[in-house]
Structures are given as structure tokens and as C-alpha cells.
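Take a look at the structure below.
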Amino acid sequence: MLVGVLGGGQLGRMLALAGYPLGLRFRVLDPVAEAATDGVAERVRGGYDDAAALDAFAAGLDCATYEFENVPVSTVQALAERGVRVFPGERALALTQDRLLEKRFLRELGVATAGFAPIDGPADVARAVAHVALPAMLKSRRLGYDGRGQRIVREPADLEDAWQTLGAVPLIAEAFVPFARELALVAARAADGAVACYPLIETHHRDGILRLALAPAPRVSAALQAAAEAIATRVLAALDYVGVLVVELFDRDGQLVVNELAPRVHNSGHGTIEGAHTSQFAQHLRAGLSLPLGPATLTGHSAMLNLIGGAPPLHALLRVDPRAHVHLYGKQPRPARKLGHVTLLAPDAATLTARVEAFAAATGIALQA
Ligand code: AMP
Numbered sequence: 025m026l027v028g029v030l031g032g033g034q035l036g037r038m039l040a041l042a043g044y045p046l047g048l049r050f051r052v053l054d055p056v057a058e059a060a061t062d063g064v065a066e067r068v069r070g071g072y073d074d075a076a077a078l079d080a081f082a083a084g085l086d087c088a089t090y091e092f093e094n095v096p097v098s099t100v101q102a103l104a105e106r107g108v109r110v111f112p113g114e115r116a117l118a119l120t121q122d123r124l125l126e127k128r129f130l131r132e133l134g135v136a137t138a139g140f141a142p143i144d145g146p147a148d149v150a151r152a153v154a155h156v157a158l159p160a161m162l163k164s165r166r167l168g169y170d171g172r173g174q175r176i177v178r179e180p181a182d183l184e185d186a187w188q189t190l191g192a193v194p195l196i197a198e199a200f201v202p203f204a205r206e207l208a209l210v211a212a213r214a215a216d217g218a219v220a221c222y223p224l225i226e227t228h229h230r231d232g233i234l235r236l237a238l239a240p241a242p243r244v245s246a247a248l249q250a251a252a253e254a255i256a257t258r259v260l261a262a263l264d265y266v267g268v269l270v271v272e273l274f275d276r277d278g279q280l281v282v283n284e285l286a287p288r289v290h291n292s293g294h295g296t297i298e299g300a301h302t303s304q305f306a307q308h309l310r311a312g313l314s315l316p317l318g319p320a321t322l323t324g325h326s327a328m329l330n331l332i333g334g335a336p337p338l339h340a341l342l343r344v345d346p347r348a349h350v351h352l353y354g355k356q357p358r359p360a361r362k363l364g365h366v367t368l369l370a371p372d373a374a375t376l377t378a379r380v381e382a383f384a385a386a387t388g389i390a391l392q393a
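Encoded structure:
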């Protein structure tokens, strides 16, 4: 079977790597000169709105998926016109590429989010910030990721500057959530409605970029896990969703507030490659191909450390800890760019903490603020 992937980044690369044992082949569409998927998948080099590129991409595909949510919705429609089914589908994509639509959708489902207000022009900024109160997060409605396109505003005097530095584009003002920690739920839904959720993952960010993900998250009660799964299940059903969905959450002392949804495999779930009975990538493919979902259970404790901006040489990483699972995406170093990740496994949380601390200290990998 031939699976199309919109986007040639590391998520596409890891999807392909997860699909080969199942006998799948992959074709990627991406306009960039060099893609992380090159070497593991054939590629049509072209824009997402280029009709000839879409023809070449679509020819002979059994289905397609996307590995980032800024693929134009019109691309999914163009593929449908060419007879290619795209999962998770158009509605999930349209909602998650606009923070305002996403938050309204969540509120309609009765899911808790930060308070929010839209900003369509400079005249709305003060009113929107008054609505959510200071401090507030101003975020671009579209095309934001890894903390880009957002600013925290603490004083009314910062408003004008924030509007300008965010590019004078439509924004959303969000109330600042004084969370105790951040969590992520990796969930999957098959076309027949079956849902599988992994244990909650604790995520640690710096400058808006994920640095460390711990699975299972420590101190998770059965009630907290159930509350997260209830949110995911409601979202999945409402969208008649197929594939992996990741729900990013703020934990306010046991109360869950959704930060955002990712309609795809996600960085916080990379530890499932070695740390779960089914990786998020294999799970996404199983869902999309109407195969039975695999068990979303963990094999032990895992820590996923991102390699950002620069990475120690491979031999250095493996010398520090020969049991480390190193993933390098083949990308050129650039500030704030995700170049790879390392997963460390342990039978229990205490052993894992010791291993992570020793590894981070010896390699100089920065984990937290
Ligand atoms: P995002 O791009 O929306 O995932 O935001 C990146 C990071 O910024 C999150 O993981 C949080 O650490 C922080 N953040 C985003 N929105 C809020 C908020 N409303 N209140 C507090 N922190 C936030």
C-alpha cells in the first residue's frame, strides 16, 4: 500500500519508518529543497496548491495524511477530488489551524479552555485584553507553533508593541493560565469508532518549545487520566476523527484546561516509539488504514529529550549512555530548530530521573528554564 504524507518533516519521516515493517510505502509532498523524509520516502517536490504536483502526488495513493496542521484545507479538498481519502480529515485540519475556531469548538463541546477573545484589528486589542485580564497571552490565530507568533502581555503599555511584533495579523487574546504543570494526551480513533488513549505524558517547555516529555506522567490519579480521556473522546467523536490526536493540557491542581489540539502525531509522543507497545506513528497508520488499533500501553518509564538548535555528535550521545535511543532527523542546525530527540527508558521513575539527569549533565542538553 502506498500512503501519501503532506509535509516532509521529522514526523513524516517517523511515520514512514513505522510503516515499513507493515509493508507500507510512502510518498511525500513538500516544496522544500531538502526534506527530513528524503532517504526514507519518495517525494514530489511542489507546493500544496500546485495542481501538477498534486496530480503526481495523488497518482496511485491508497490514502494520505498530513504531518503538520498548516497544510491548506484546499489541498485536502483537491486530493479528495482526485479520489484520495485524507485522514484525519478536513474539519479537524480547518479547526486546528485557527486558534479562535479551535477554542470556540472546544467551548461548544463543554471542554475547559483559557478565557479568550478575538482581535481582528488594533482597535480590538485593549478590549480583548480587558476581557481576559492581564497577564494575557496574545497569539496569532494562524501559523503559530513552538511558541512562535505569541507574546505575553503584562502591562497595558506592552499592548501596542505586542500587536506590532506579532505582525499586525488577526490574534487571539488568552487569559494566562497559572498551571501547575503541562500534560499531553495521545489518543487515537479508528474509523469504526474504537478509541485508544495512552497514559498521560508530562511535558516541559522552554521558550514555548518542548524540551522533555516524561511517560507516564508522575502523580496521575485514575480520575485525572479518565478526565483527559473523556475530553479526547468527546473531541474525537465530534469530528468523526480517524488517526492520532494529541490534546495539550494545563493541569491546574487536578483541573484540566485544554491548551491546544494537534490533529496528528506529536513531539510529546515520540517516547512511544520505544516506550509503548504501539508507537503513536504505527497507531496513526493503523487507524488510517482501518487496521485494528494496537495496545496504547507503556512498556516502562520513558523520557524524551529534544535536541534543539544543535546536537552533540552521535558518538558522544551514545558514549554517554549506550542504551540511549537516538533519533537524528538529518536537518541542518538552526536556532530553535528540532534536529532530533533521545529517548531513555527505565523500569521505574527514580531510575529514569537519575538517568536523565546524568545524561543531560554529560551532554549539555538543556531541559528546562
Ligand atoms: P502553544 O504554542 O499555544 O502550545 O504555547 C506554547 C507554550 O506557551 C505552552 O506549552 C505553555 O507553556 C505556554 N502557554 C501558552 N498559552 C498559555 C496560557 N494561556 N497560559 C499560560 N501559558 C501558556
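If you count the sequence shown from 1, you need to add 24 to reach my numbering.
No residue lacks a Cβ here, since even glycine has one placed at the ideal position from N, Cα and C.
Does any heavy atom of the ligand AMP sit closer than 7 angstroms to the C-beta of Val201?
yes
Length of the line joining the Cα atoms of Val56 and Ala246
44 angstroms
Nearest CA to the CA of Leu125: which residue from Tyr44, Phe111, Ile143?
Ile143
Which residues share a DSSP beta bridge with Pro142?
Ile196
Boundaries (first-last residue) of the beta strand (DSSP E) holding Asp275:
267–276
Tell whether a beta-carbon distance below 8 angstroms holds between Leu269 and Ala211.
yes
When DSSP labels each residue in this structure, what does Tyr222 get in the three-state scheme?
Of the three classes helix, strand and coil, the one that applies to Tyr222 here is coil, per DSSP.
Ala326, enclosing beta strand (DSSP E) - first and last residue
Correcting the residue identity first, residue 326 is Ser in this sequence and not Ala. Where Ser326 is concerned, the enclosing beta strand (DSSP E) stretches over 325–332.
Pull the bridge partners of Arg230 from the DSSP assignment, please.
Ile233
Let me check understanding here. Comparing Cα to Cα, which of Ala254, Ala138, Gly295, His301 lies closest to Arg276?
Ala138
State the CB to CB distance for the pair Val266 and Gly312, rounded to an integer number of angstroms; the pair is presumed to be in contact (CB under 8 angstroms).
6 angstroms
Kindly examine the ligand AMP and report whether one of its heavy atoms sits closer than 7 angstroms to the Cβ of Lys163.
Within the cutoff, so yes.
Just verifying my parser: in three-state terms, what is the DSSP assignment at Leu26?
strand
Only counting the same chain, and skipping five residues up and downstream in sequence, which positions put a Cβ closer than 7 angstroms to that of His365?
His294, Met328, Leu329, Asn330, Leu331, His351
Gln101: which of Ile233, Ala218, Leu30, Thr61 sits nearest, CA to CA?
Leu30
For Phe305, the first and last residue of its enclosing alpha helix (DSSP H)
Annotation for Phe305: the continuous alpha helix (DSSP H) segment containing it runs 304–312.
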